[in-house]
Amino acid sequence: MKKHFSTLLLVISGLSCLGFIQNNWLTNQQEGFSINHRKSEEQNIKEYIQLFKNGKEQVELFFKTPFSSTFNVYIHSTRTSLDSTWQKDWNIPGFKSQCWMVASGVASRLDILSPKKWDSLACEHSFANTTKTQRLLTHELVHVYHGQRNPSPDFSDVNGIDWFVEGLAVYASGQLDKDRLTRLNDFLSTNQPPSKLSDFWKGNNKYGLSGSMVKYIDIKYGRKKLIELLGFNQLEGLLKSLGTTENELIMEWRETLKSK
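Numbering (my numbering), first residue to last: 1303 to 1562.
Structure representation (structure tokens):
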């Protein structure tokens, strides 16, 4: 009896990979990842798959190696669905996301509010802006890639490196564009930069601050070293690997920006 029950489970599992319904989710298997969605999203999935394929290719090109394991993408048709997932994953019962929050990525999965519904269910994002949409999806895929190589796959056990986790995603996804760097330089022309790395991922210029710091590390220490840093979840270890101090790193980064 147990043998037949196990066989049935295997059959059901196999069917779900082929696009059959599992727990009201339709699964569409792709190379290296699967797209999970509700039936109401069927007309959008082909377009979404291409966006994720593009992002996956960009991430692997940046890091020069493929994702280390497969992962799931969940397309949420409503904000309630997205919030309920975050409430469970983050252990925050009753959590309600802010309107600009549309996606999250960890080692095994990426959750995202259906991009074609951003105009009605979100703020600061528009699916029609194809460049920014692609970069946002790629940003979350960088988190997936990073999580697969970090001691804390969901980044719940990291200390002092939020700036690196987010800055890496900003830089590798292309979000550190000319406009963002211009805004950063305008800000720094009249304001002192943060004195602590922990303050880089704060405020209106957090994307520019964190992304430009990671870019500086990439240029000075090289892509190989940058990739090595994916394995650190504590600031102390990261700085030791670079052979520098927090103050020195910030000072050298600032001087580089001034020289441009």
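Built from N, CA and C at the ideal position, the CB exists for glycine as well.
Just the C-alpha distance for residue i and residue j, rounded to the nearest angstrom, thanks.
i	j	result
Arg1455	Ile1552	A quick correction: the sequence has Pro, not Arg, at residue 1455. Rounded to whole angstroms, Pro1455 to Ile1552 spans 27 Å at the Cα level.
Thr1380	Trp1402	14 Å
Val1446	Asn1493	34 Å
Arg1485	Asp1479	10 Å
Trp1327	Ser1383	12 Å
Ser1410	Phe1373	5 Å
Lys1508	Lys1560	18 Å
Gly1545	Met1515	16 Å
On the three-state DSSP scale, how would you describe residue i?
i	result
Gln1352	helix
Val1408	coil
Ile1377	strand
Asn1506	coil
Thr1387	helix
Gln1269	No information on residue 1269 is available, as it lies outside the stretch 1303 to 1562 that the chain covers here.
His1448	helix
Leu1415	strand
Asn1338	strand
Gln1436	helix
Asn1276	Here the chain has residues from 1303 to 1562 only, and residue 1276 is not among them.
Once you ignore the five residues that flank residue i on each side, which residues in its own chain have a CB closer than 6 Å to its CB?
i	result
Trp1465	Leu1499, Phe1502, Trp1503 and Ser1512
Glu1554	none
Leu1537	Gly1462 and Ile1463
Gly1396	none
Asp1520	Leu1528
Determine the burial state of residue i: buried for a count of at least 16 other Cβ atoms within 10 Å of its Cβ, exposed for fewer.
i	result
Trp1392	exposed
Asp1459	exposed
Arg1525	exposed
Gly1505	exposed
Ile1323	Confidence is the limiting factor: at Ile1323 the pLDDT is only 49, short of 50, which leaves the residue's position unreliable and the question unanswerable from this model.
Ala1424	buried
Gln1352	exposed
Asn1330	buried
Asn1535	buried
Leu1363	exposed
Please list, in chain order, all residues of the same chain as residue i whose beta carbon is under 7 Å from its beta carbon, the five residues on each side excluded.
i	result
Glu1343	Ile1377, Ser1379 and Ser1416
Arg1451	Ser1370, Leu1532 and Gly1533
Thr1558	Tyr1518
Ser1308	In this predicted model, Ser1308 has a pLDDT of only 40, less than 50, meaning its place in the structure is not dependable enough to derive any value.
Can you tell which of the options has its C-alpha closest to the C-alpha of residue i?
i	options	result
Lys1355	Ile1521, Leu1443 and Phe1365	Leu1443
Ile1529	Leu1384, Pro1368 and Val1408	Pro1368
Ile1414	Glu1349, Gly1476 and His1339	His1339
Tyr1523	Leu1540, Thr1372, Tyr1509 and Arg1482	Leu1540
Gly1449	Val1408, Asn1487 and Lys1358	Val1408
Phe1457	Ser1406, Glu1362, Val1472 and Asn1487	Ser1406
Ser1491	Gly1334, Thr1440, Arg1556 and Gly1476	Arg1556
Which same chain residues, not among the five before or five after residue i, have their C-beta less than 8 Å away from its C-beta?
i	result
Ser1428	Trp1420, Asp1421, Lys1434 and Thr1435
Leu1483	Gly1510 and Ser1514
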